[in-house]
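Everything in the sequence shown is counted per numbering that gives the first Met the number 0, starting at 0 for the first residue and increasing by one.
Think of the CB as a built atom: it goes at the ideal place given N, C-alpha and C, for glycine as much as any other residue.
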Amino acid sequence: MGILVKNISILGATGSIGQNTLDLVLRERDKFNVVGLTGSDNIELLAESAIKLKADVVATANESKFNDLREILKKYQIEVCGGATGVLEVASRQVDWVMSAIVGSAGLLPGLRALETGANLALANKESMVAAGPIMKKIAKMKSAKLMPVDSEHSAIAQLIRGEERDSLSKIIITASGGAFKNLTKAELIDVTPDQAAQHPNWNMGKRITIDSASLFNKALEIIEAKEFFDLKSSDIEVLIHPQSLVHAIASFCDGGMKAHIGPPDMRHAIAYALYEEKRFNLTMPEVNLAEVGTLKFEKPDMSKYPALELGYEVLAQGGLAGAAFNAAKEEALDNFLDRKLSFLGMADVVRATMDELSSKNHLSSEVELEAVIEIDLQARSVAKKFVGKY
Ligand code: NDP
Ligand code: MG
C-alpha cells in the first residue's frame, strides 16, 4: 500500500509561520501534495516556494504585484491569481488541510473560505478567532472540519487537556515573555521606537506580532483566542510573565494537579502538531536542559505597565463584537505606531478610547455575524484614526 498523500495549502506562505510550515513539509516531501500558496508583497519568495513545492496555484494579495509574479512563473505550470479575490480563490481549492497564517484581519475571510470547503484548518491567524470565533467554530462544526490552534500557548493547552474530562479543568495559565521591554519601567516606555519593539528576546516571528508581544496586545488577543478555542470564562484564564519562554501553558485541574507544557521556543513544534493532526512528529529538536535552566521564573504582569492586557480582559468579558472591534482598533494603532504617528503607550490609549466610544453607542452587543464583524472592523478603524492625533 502506498503512503497516504495529504493535499494542503498554505495561506501566508511567505511569512514566518508560512516558511516554518514549508520547512516541515519539505522534511517529509512524499507525504504532502501542495495545492495552493499565498503571499502578498514578497513575490520572489512566493514564486521560489511555489517552484520548490510544485504548487498548482499561487496568489499574491497585492494586486499590483500580480503581473510581476506571473512573469516570474511564466515557464512553470503554476496558476497565478492576484488580489484579495485571488487569495480567496486559493483558499477555495479542495484540500485536506490548510494553514491559516496570513497576518491580521485579512486572514479572516480566507480562513473561513477554507473551512467552508471542509478542510481541516490549522489556525495561526489568531485575529480571526478573536474577531469571529463563534462563526469559525460554527462553520467548522457544520463541515465536520477540525479547527486546530497553532499559537504556541493554545497548542500547548490542546496538548495538556487531551484525554482529560473537560469538567475537571479548573483554570489555564498562559505565559508571556514580556517581549522586548520586559526590563523597562512604564516611564521608560514613553520614547521607545518601532525598531526597538520589533526585537524579541526569545522568539523569531513576524514584525507585527513581535511588537504586539512587547505591548502585551498579543497576550490580550491570546486570552480571547483561548476563550474561543476552549470555551473558557475570563476568570478561568490567567497570564503570567515567564521571561524564559520555556513553559508555554499550564492547565490546572479540580484535584489540585497542574500540568505544564515545556518546550523550546520554536514554532515548528506547534505547527507540526497541527500538520500531523495531533500526532507527534520526530522534529529532532534540542530538548530543554532543565538542569542547566535551573530555575523557572514566573511573575504576575503589572497591569499598569501593560494596559493592553487589562483591556483584553474587558473585551473577553464583554463578548459580542468587542473582539472584532478590539482587534481592528489595535491594528490601526499599530499601523500608526509603525508610521511614528503614535507612541508605544499611545496604542493602548487609542484602543481604549475607541472601545469606550463604540460601547457607549451600544455598537458592540450585536450577534457575531459576518456582516456585523466586517462593519465593526471598519468602524473601529475609523474611530481609532480619529483618536490617533489626540495621544
Ligand atoms: P508575517 O508578517 O511573517 O507573515 C504574514 C503573511 O501574511 C505573509 O505571507 C504576508 O505576505 C501575508 N500578508 C500580509 N498582508 C496580507 C494581506 N493583506 N492579505 C493577504 N496576505 C497578507 O507574520 P507571522 O508569520 O509572524 O504571523 C502570521 C499569523 O500567525 C499572525 O496572525 C500571527 O499573529 C500568528 N502567529 C505567529 C507566530 C509566529 O511565531 N510568527 C506565533 C503565533 C501566532 P508578504 O510577506 O509576502 O507580504
Ligand atoms: Mg502565542
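Check: Residue 217 to residue 173 span [Cα, whole Å]; Outcome: 12 Å
Check: Test item, CB below 6 Å from any non-hydrogen atom of ligand 2; Outcome: 150, 151, 152, 221
Check: Residue 215 in three-state terms, based on DSSP; Outcome: coil
Check: Contact check, residue 4 vs residue 32, beta carbons under 7 Å; Outcome: yes
Check: C-beta neighbour in chain B for residue 305, strict 7 Å; Outcome: Of the protein chains in this structure there is only one, and it is not chain B.
Check: Residues sharing a beta bridge with residue 122, DSSP; Outcome: 99, 148
Check: Backbone secondary structure at residue 168 - three-state DSSP; Outcome: strand
Check: Neighbour-count burial assignment, residue 316, 16 or more Cβ in a 10 Å radius; Outcome: exposed
Check: Check: residue 41 C-beta below 6 Å from any heavy atom of ligand 1; Outcome: yes
Check: Cβ contact check for the region 338-346 and the region 360-373: 3 or more pairs under 8 Å; Outcome: no
Check: Straight-line Cα distance separating residue 97 from residue 298; Outcome: 36 Å
Check: CB-CB length for residue 246 against residue 295, believed under 8 Å; Outcome: 6 Å
Check: Cα-Cα separation between residue 20 and residue 265, rounded to whole angstroms; Outcome: 12 Å
Check: Residue 266 beta carbon near ligand 1 (any heavy atom closer than 6 Å); Outcome: yes
Check: Whole-angstrom C-beta distance between residue 121 and residue 109, which should lie under 8 Å; Outcome: Actually they do not touch by this definition, with Cβ atoms about 13 Å apart.
Check: Reduced DSSP secondary structure (H/G/I, E/B, other) of residue 159; Outcome: helix
Check: Reference residue 320; option with closest CA among 242, 67, 357, 15; Outcome: 357
Check: Three-pair Cβ contact test at 8 Å for the region 204-220 versus the region 176-183; Outcome: yes
Check: Alpha carbon of residue 241 to alpha carbon of residue 201, nearest angstrom; Outcome: 11 Å
Check: Between the CA atoms of residue 330 and residue 307 - distance to the nearest angstrom; Outcome: 13 Å
Check: Neighbourhood of residue 66 by C-beta distance below 6 Å, restricted to the same chain and skipping five residues each side; Outcome: none
Check: When 334, 107, 148, 332 are compared against residue 368, the one with the closest alpha-carbon; Outcome: 107
Check: Delimiting residues of the alpha helix (DSSP H) encompassing residue 336; Outcome: 321-337
Check: Environment of residue 48 [buried if 16+ CB atoms lie within 10 Å]; Outcome: buried
Check: Contact test: residue 84 Cβ vs ligand 1 heavy atom, cutoff 6 Å; Outcome: no
Check: Segments of 3+ residues assigned as beta strand (DSSP E) that fall wholly inside the region 0-51; Outcome: 5-10, 31-38
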